[in-house]
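K.L.:
Residue numbers (the working numbering), protein chains in the order written: chain A, 2 to 216; chain B, 2 to 216.
Built from N, CA and C at the ideal position, the CB exists for glycine as well.
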DNA sequence: CGATTTTATGGCACTCTCTGCCAAGATAGC
DNA sequence: GCTATCTTGGCAGAGAGTGCCATAAAATCG
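1. Just the chain A side, please: which residues come within less than 9 angstroms of residue 107(B) by C-beta, in chain order?
2. Consult DSSP for residue 18(B) and reduce its assignment to one of helix, strand or coil.
3. Would you mind reading off the limits of the alpha helix (DSSP H) that contains residue 44(A)?
4. When you compare only the Cα positions, how much space is there between residue 179(A) and residue 190(A)?
5. When the Cβ atoms of the stretch 132 to 147 of chain A are set against those of the stretch 19 to 39 of chain B, are three or more pairs found closer than 8 angstroms?
6. In terms of alpha-carbon separation, which member of 187(A), 185(A) and 174(A) lies closest to residue 198(A)?
7. Could you confirm whether any beta carbon from chain B is found closer than 8 angstroms to the beta carbon of residue 33(A)?
8. Would you please verify whether the beta carbon of residue 168(B) is less than 8 angstroms from any beta carbon of chain A?
9. Please report whether the beta-carbon of residue 180(A) lies at a distance below 8 angstroms from any beta-carbon of chain B.
10. Sorted by chain position, which residues of the same chain lie with C-beta nearer than 8 angstroms to residue 63(B)'s C-beta, five sequence neighbours on each side aside?
11. Taking only three categories from DSSP, how would you classify residue 4(A)?
12. Would you tell me roughly how many angstroms separate the C-alpha atoms of residue 42(B) and residue 69(B), rounded to the nearest one?
13. What are the boundary residues of the alpha helix (DSSP H) that includes residue 106(B)?
14. What are the start and end residues of each continuous alpha helix (DSSP H) run of 4 or more residues lying completely inside the stretch 40 to 91 of chain B, in chain order?
15. From residue 6(B) to residue 30(B), what does the alpha carbon distance come to, in whole angstroms?
16. Under the three-state reduction of DSSP, which class applies to residue 147(A): helix, strand or coil?
17. Since residue 195(B) is in the alpha helix (DSSP H), which residue starts that stretch and which ends it?
18. Do residue 76(B) and residue 33(B) have their C-beta atoms closer together than 8 angstroms?
19. Using a C-beta to C-beta distance shorter than 9 angstroms, which residues of chain A count as neighbours of residue 201(B)?
20. Once the 5 residues before and after residue 93(B) are set aside, which same chain residues still bring their CB inside 7 angstroms of it?
21. Under the assumption that residue 172(A) contacts residue 119(A) (Cβ atoms under 8 angstroms), give the Cβ distance between them as a whole number of angstroms.
22. Closest by CA to residue 196(B), which one among 46(B), 108(B) and 39(B)?
23. Given this structure, state the Cα-to-Cα distance separating residue 181(B) from residue 115(B), to the nearest angstrom.
24. Give, in chain order, every residue of the stretch 70 to 89 of chain B whose Cβ lies closer than 8 angstroms to some Cβ of chain A.
25. Which residues bound the alpha helix (DSSP H) around residue 165(B)?
26. Would you identify the three-state DSSP class for residue 114(A), choosing helix, strand or coil?
27. Give the straight-line distance between the Cα atoms of residue 149(A) and residue 164(A), rounded to the nearest whole angstrom.
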């Protein structure tokens with residue numbers, strides 16, 4: 002009762018402070034960029050963990066402290082695209098159609114959009130990258146469930162809400178894969194077409210159910 | 002024109018025949034069962050590839066010819082559950098509601114149902130198993146796309162069809178995860194309740210759109 | 001039957017991934 | 001300065017997974 006700082010189990014005010022979450026996130030992102038560049042240049046199997054570490058000026062030992070496998074190094078950059086979707090959905094005003102909001106408001110990540118698409122394209126023939134890609138999207142499902150739940154005035158752990166979130170995630174994922182495939186095969190596309198596809202996918206996935214708040 | 006057996010690039014009628022697909026499939030299934038048993042008994046990281054190989058009377062070298070990683074050994078058993086879903090959907094008569102057909106007709110795999118659920122339960126804390134699980138379901142999406150396409154009289158590669166298939170797959174996957182979680186936490190459940198959940202998930206995912214053939 | 005061809009398997013050596021352990025460097029308050 | 005806490009690197013090691021080659025198992029042909 003009279004304790005001062007027992008709330009947090011670790012409250013040492015002495016010695017070096019642990020790396021901030023922000024800084025750790027940046028470090029992982031930088032590693033991710035380097036790894037993707039190497040994967041694209043020389044292939045995944047031809048790239049060793051030591052090369053990735055060297056590219057960002059770290060030792061291999063430290064690299065394995067940031068990532069549990071060399072393939073999972075692509076995760077932070079991939080997460081940027083799912084995060085962008087989630088943020089767009091957070092800004093989605095009630096009373097408007099989801100598809101129109103996506104077209105009007107969604108912006109893919111500024112700097113890493115191409116790198117992200119490159120990974121998705123590589124994942125077509127690299128099972129390990131495929132697995133990472135799917136795991137990243139599954140993590141997005143949980144966040145989308147919160148958004149959908151708030152939207153519908155229900156709880157995030159309800160089965161119907163989770164299914165709806167997964168449905169939404171699947172639509173976004175498949176569209177992204179589609180665009181990445183075209184992009185990798187040299188077919189360039191205007192961004193309006195990508196958003197149009199996105200809109201179509203979301204429409205056929207939701208059938209307007211989350212488009213407006215029901216009673 | 003006058004050639005006799007040039008149609009197939011490999012038509013040697015001499016020497017030992019390659020292992021039949023069926024036999025190879027059985028061998029992979031047997032390995033899968035042994036691996037899952039070991040994973041459940043002593044954990045994934047504590048189980049070595051050599052142990053899995055030994056459990057089925059193979060050398061480690063041969064094991065790596067059947068599976069590319071020790072985690073992927075669980076794949077054949079997991080596929081049994083997705084295959085069961087796909088087969089149920091194939092038997093789905095036109096003009097009936099999908100949910101009712103599932104409740105009336107679906108039977109999970111006879112022998113490996115529990116093992117499969119055990120893997121799904123383990124996958125909550127084992128990222129590698131999680132990845133396999135997601136990949137297995139993604140493969141099911143492609144097959145479901147064919148079923149949905151035929152059902153709707155459209156093409157399997159259409160975006161809307163693929164999204165619909167992915168939606169269906171997500172509903173099945175999440176419900177299975179739900180059941181596996183309850184099962185692993187000791188909460189036993191009658192199979193009717195599982196099917197009821199399945200039905201609810203499918204309903205909230207499809208909104209009856211694939212329930213009947215539209216014009 | 002043996003000779004021959006093709007495939008499946010096993011053994012060995014090897015690289016690479018990833019971890020545990022400890023020492024050294026960095027940052028903070030005393 | 002001293003001390004505490006955290007980060008990093010180096011090193012050794014277990015395990016994953018592969019290439020290579022020898023051998024065993026099927027199958028056909030003579």
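P.N.:
The answer reads as follows:
1. Per Cβ cutoff of 9 angstroms: no residues; residue 107(B) is ~17 angstroms from chain A at best.
2. Three-state result, residue 18(B): coil.
3. Segment: none, residue 44(A) is in no alpha helix (DSSP H) and carries neither H nor E.
4. 11 angstroms
5. no
6. 174(A)
7. no
8. yes
9. Cβ-Cβ to chain B under 8 angstroms: no for residue 180(A).
10. 54
11. Because the pLDDT at residue 4(A) is just 44, under 50, the model does not fix this residue reliably, and the value given afterwards should be weighed accordingly. If DSSP states are grouped into helix, strand and coil, residue 4(A) belongs with coil.
12. 22 angstroms
13. 99 to 106
14. 50 to 56, 61 to 67 and 76 to 91
15. Residue confidence for residue 6(B) is low, a pLDDT of 42 falling below 50, so the modelled location carries little weight; the figure read from the coordinates is stated next. The straight-line gap from Cα to Cα measures roughly 34 angstroms.
16. helix
17. Per DSSP, residue 195(B) belongs to the alpha helix (DSSP H) from 192 to 207.
18. yes
19. 160, 161 and 164
20. The residues are 99 and 102.
21. Not confirmed; about 22 angstroms, so no contact.
22. Nearest in C-alpha terms to residue 196(B), of all of 46(B), 108(B) and 39(B), is 108(B).
23. 9 angstroms
24. none
25. 160 to 185 is the span of the alpha helix (DSSP H), which, as asked, contains residue 165(B).
26. helix
27. Here the alpha carbon of residue 149(A) sits roughly 10 angstroms from the alpha carbon of residue 164(A).
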